[in-house]
Amino acid sequence: MDERIQNLEREVRSLQERNRRVESEKAWETSFMRVLSIALITYVVAGIVLYSIGVTNFLLAALVPVLGYILSTRSLPRVKRWWMEKQS
């Protein structure tokens, strides 16, 4: 009986650790820092590509995919809520 309780306690600790890890990952997925990091990387890569193909205002043009990404990350949670309400 004592061994069974110890096993259960270990499993509970393991689940708690997993939950902390999952919560931390979810916090990262929804963080402004993540959105900003991806936007910056997208801007740099788009700028390089646009420069290499000879676009005149490549820095300005590189803002287009970045703005699209930021708008989609800010609007998709609302779309998701709306969709989920329609499903129930």
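Quick note: the sequence shown uses the numbering used here, first residue 15, plus one each step. Quick reminder that beta carbons are idealized off the backbone N, C-alpha and C, glycines included.
Where does residue i land, buried or exposed, given buried means 16+ other C-beta within 10 angstroms?
i: Leu73; result: exposed
i: Leu22; result: exposed
i: Leu29; result: exposed
i: Ala41; result: exposed
Alpha carbon to alpha carbon, how far is residue j from residue i? Give it in angstroms, no decimals.
i: Gln20; j: Glu37; result: 26 Å
i: Lys100; j: Val93; result: 11 Å
i: Ala60; j: Leu77; result: 8 Å
i: Leu81; j: Glu39; result: 24 Å
Contact between the segment 81 to 98 and the segment 41 to 55: three or more CB pairs below 8 Å?
yes
For the segment 50 to 82, which segments carrying the alpha helix (DSSP H) assignment without a break, of at least 4 residues, lie completely within its bounds, in sequence order?
72 to 75
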